[in-house]
Every structure is written in C-alpha cells, then in structure tokens.
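Novice:
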Amino acid sequence: MHINYLDLLPWQAVAGGLAIGSAVTILLLFNGRIAGISGIIGGLFRLQKGDIGWRIAFILGLVLSVTIWKIFFALPEIRIETSHWMLLLAGLLVGYGTRLGSGCTSGHGVCGLSRGSIRSFAATVIFMLTAMLTVYVVRHVIIS
Amino acid sequence: MVGLMAWVSGIVFGLGIILSGMVNPAIVLAFLDITDRWDASLIGVMAGAVAVSSIAFTMAKKQKKSYLGEYIQIPSVTKIDTRLILGGIVFGIGWGIAGICPGPALVLVGSGNQEAIIFLIAMLLGMGIFEAVQQKYQ
Numbered sequence: 001m002h003i004n005y006l007d008l009l010p011w012q013a014v015a016g017g018l019a020i021g022s023a024v025t026i027l028l029l030f031n032g033r034i035a036g037i038s039g040i041i042g043g044l045f046r047l048q049k050g051d052i053g054w055r056i057a058f059i060l061g062l063v064l065s066v067t068i069w070k071i072f073f074a075l076p077e078i079r080i081e082t083s084h085w086m087l088l089l090a091g092l093l094v095g096y097g098t099r100l101g102s103g104c105t106s107g108h109g110v111c112g113l114s115r116g117s118i119r120s121f122a123a124t125v126i127f128m129l130t131a132m133l134t135v136y137v138v139r140h141v142i143i144s
Numbered sequence: 001m002v003g004l005m006a007w008v009s010g011i012v013f014g015l016g017i018i019l020s021g022m023v024n025p026a027i028v029l030a031f032l033d034i035t036d037r038w039d040a041s042l043i044g045v046m047a048g049a050v051a052v053s054s055i056a057f058t059m060a061k062k063q064k065k066s067y068l069g070e071y072i073q074i075p076s077v078t079k080i081d082t083r084l085i086l087g088g089i090v091f092g093i094g095w096g097i098a099g100i101c102p103g104p105a106l107v108l109v110g111s112g113n114q115e116a117i118i119f120l121i122a123m124l125l126g127m128g129i130f131e132a133v134q135q136k137y138q
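Going down the list, the protein sequences come from chains P and Y.
Counted the way this note's numbering counts, the first sequence spans residues 1 to 144.
Counted the way this note's numbering counts, the second sequence spans residues 1 to 138.
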C-alpha cells in the first residue's frame, strides 16, 4: 500500500506550530498556566476547588476546535488503522506514562523546551526515541 | 475570564494540531518511522511552537502575576529521576503504537472518530490507575 504523506506541506507544519505556540502564550500570560495537555486532564482526577473550571474549558476548546475548523476548511480524511486492542493498550500506556513522567508532547516537548528546561529536554528525547523504536519494531520487525 | 481564556487557548491549540497535521496518526507515525521514507515535517511544528512560546516564557518570567491576576505557575523541578525516565518510556511505547498523544486524542474525539474514543477512554483509565496507585502508596 502506498500513502502519500507529502500532501502535508512544510509551511502547514510550521504554521500549525505557530498556532500551538500562540495557545501556549495565551494560557501562560493570561492564566499563568503551562499548556501541558496530560497535566491539564490529569489534574481533574484530584478535584481541587477552584482548579477545575479552567481545565474543563481548555479541554472543551480542544474538542470544539474541529467544529470551528470545519466552518472554514474541510477536515482531511483521517483513518486510524491500529486495531482496537492495540488502541486500548496504547491509550493505557499514554495515560499512565504521561502522568508518571509528568508530561507529554505539549508539556515537556513544547513548553519545556521553550523555557529551557533540561529535565523536559531529557523527557522529550526519551519519549521520542522510545516511540521511534516502537514504530520500528511494530512496522519492520513484527509486521514484515 | 480565566475560563474564557483557557477555552480560547484550547481552541487555538486544537486548530494548530489540525493545521500542523498532528491530528492525523498516519502523519505522526510517518514522522516516527525514521527508517522508511522519513517525513520530517513535524520538526517544523516543534520549531514553530517553540519560537512563539519561548518569547512568552521570557515575558512570563519577568512578571509576578498573569494579565488576569493569577499566579504564574512554572514548574521548578529540575531532577531527572527514575519516574521521569520510566514515564517517558511508557508514554513513548504507547505513542509509537498508535501515533496519538493526549492533545490530538481530544481533537480526534471532537471529530467524532470512533477509534479515538476507544483510545481516549483507555488513556483516562491509564491516568486513573496512576492516581489510584499514587494515593495507595503515599
């Protein structure tokens, strides 16, 4: 099977990144918070008074963004080809791992690197390399 | 106002995830698959995001409070411990299997994708298990 990934233009990736950076800026300068998505969701499990509303508002914004996108542009077709059992496993690992390691692609990746945190840089290198190794094993060792 | 700005931030974040292509697990997996026609475009996402955010963090460090009078909460932990390393490895394996991380998971669910709903429920379960284990051993 041949999939043409080159449909995605580099300028789109950079422009998307600029938007993500703007979102981080808004949450930091107005709310004083780090836009780390696993942390924002995870905080809801601790139910601290006065610390719930903004988290839910941010999450609703993320979920709603697709609807707003669709007003102006068509959403590119997205097909998830991972089996349901593997999705279940992946979800569990992502949920547990991001909480154990205190962050994901947004918190450690974007925010951590932006504030020059060595700890976040280390975390980002670790999860990136592990993910690359996992993809290699799944695609080229198990299914080959 | 705090809720409104968090909502706006979430929307802008989501639009960025869609525009950048990160919403599509196939693109993320093509980025992570360095041995097979590597699609490096996602490096551009990180570069764009860090370029803007680093200015914001420089500004935030000079301020005592946010524009809405909230405390600016920037993590102070610098230790690279076992938890950070193990957490990164566990997350990396999950990310590598599905090509979905927490942000895109929420955006995908917003698009009505049924596979993403399975992933999100499992992700919340994983976070719940972490909290339960934490509370038991603290």
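The C-beta atom is built at its ideal place from N, Cα and C for all residues, glycine as well.
Return the CA-CA distance between Gly128(Y) and Gln134(Y), expressed in angstroms with no decimal places.
Specialist: For Gly128(Y) and Gln134(Y), the distance between alpha carbons rounds to 10 angstroms.
Novice: Please tell me whether Ser12(P) has its Cβ less than 8 angstroms away from any Cβ of chain Y.
Specialist: The question names Ser, but residue 12(P) in the sequence shown is Gln. So, interface residue.
Novice: If we ignore side chains and look at the alpha-carbon of each, how far apart do Ile27(Y) and Gly94(Y) end up?
Specialist: 16 angstroms
Novice: With a cut-off of 8 angstroms, does the C-beta of Ile143(P) fall near any C-beta of chain Y?
Specialist: no
Novice: Measure the C-alpha to C-alpha separation of Ala132(Y) and Lys62(Y) and round it to an integer number of angstroms.
Specialist: When rounded, the separation of the alpha-carbon atoms in Ala132(Y) and Lys62(Y) is 38 angstroms.
Novice: Please look up how many angstroms separate the CB atoms of Gly10(Y) and Ala57(P), rounded, as I've assumed it's under 8 angstroms.
Specialist: 7 angstroms
Novice: Can the beta-carbon of Val12(Y) be found closer than 8 angstroms to that of Ala13(P)?
Specialist: no
Novice: Is the beta carbon of Gly32(P) sitting closer than 8 angstroms to the one on Ser66(Y)?
Specialist: yes
Novice: By the 8 angstroms beta-carbon criterion, what residues does the region 28 to 42 of chain P contribute toward chain Y?
Specialist: Leu28, Leu29, Phe30, Asn31, Gly32, Arg33, Ile34, Ala35, Ile37, Ser38, Ile41 and Gly42
Novice: Does any residue of chain C have a CB that is nearer than 8 angstroms to the CB of Tyr137(Y)?
Specialist: Considering every chain present, this structure includes no chain C. Its protein chains are P and Y.
Novice: What are the residues that DSSP puts in a beta bridge with Tyr71(Y)?
Specialist: Lys65(Y)
Novice: Could you tell me whether the Cβ of Lys62(Y) comes closer than 8 angstroms to any Cβ of chain P?
Specialist: no
Novice: Quick check: is the beta carbon of Ala15(P) nearer than 8 angstroms to any beta carbon in chain Y?
Specialist: yes
Novice: Any contact between the region 129 to 142 of chain P and the region 33 to 42 of chain P? By contact I mean 3 or more CB pairs, one from each, below 8 angstroms.
Specialist: Fewer than three pairs of CB atoms, one per stretch, sit closer than 8 angstroms, so the region 129 to 142 of chain P makes no contact with the region 33 to 42 of chain P.
Novice: Starting from Glu115(Y), trace the alpha helix (DSSP H) in both directions and tell me its first and last residue.
Specialist: Gln114 to Lys136
Novice: Would you say the beta carbon of Gly91(P) is closer than 7 angstroms to some non-hydrogen atom of the ligand PLP?
Specialist: Annotation note on the ligand PLP: not contained in the displayed structure, which lists no ligands.
Novice: Say whether the region 48 to 67 of chain P touches the region 33 to 53 of chain Y, bearing in mind that this needs 3 or more beta-carbon pairs closer than 8 angstroms, one atom from each stretch.
Specialist: no
Novice: Alpha carbons only, please: which of Glu77(P), Ala35(P), Arg79(P) and His108(P) is nearest the one belonging to Thr78(Y)?
Specialist: Considering only alpha carbons, the answer is His108(P).
Novice: When the Cα atoms are used, what is the spatial distance from Tyr137(Y) to Val90(Y)?
Specialist: Put simply, the backbone Cα of Tyr137(Y) is about 20 angstroms away from that of Val90(Y).
Novice: Going along the chain, which residues of its own chain have a beta-carbon closer than 7 angstroms to the beta-carbon of Gly45(Y), five neighbours each way excluded?
Specialist: The sequence as given places Val at residue 45(Y); Gly does not occur at that position. For Val45(Y), where only same-chain residues beyond five positions count, the Cβ hits under 7 angstroms are Ser20 and Met22.
Novice: If we ignore side chains and look at the alpha-carbon of each, how far apart do Ile126(P) and Gly91(P) end up?
Specialist: 18 angstroms
Novice: Could you list which residues in chain Y have their beta carbon closer than 8 angstroms to that of Leu89(P), in chain order?
Specialist: Simply Gly94, Ile97 and Ala122.
Novice: Exposed or buried, what is Tyr71(Y) when buried is set at 16 or more other beta-carbons lying within 10 Å of its beta-carbon?
Specialist: exposed
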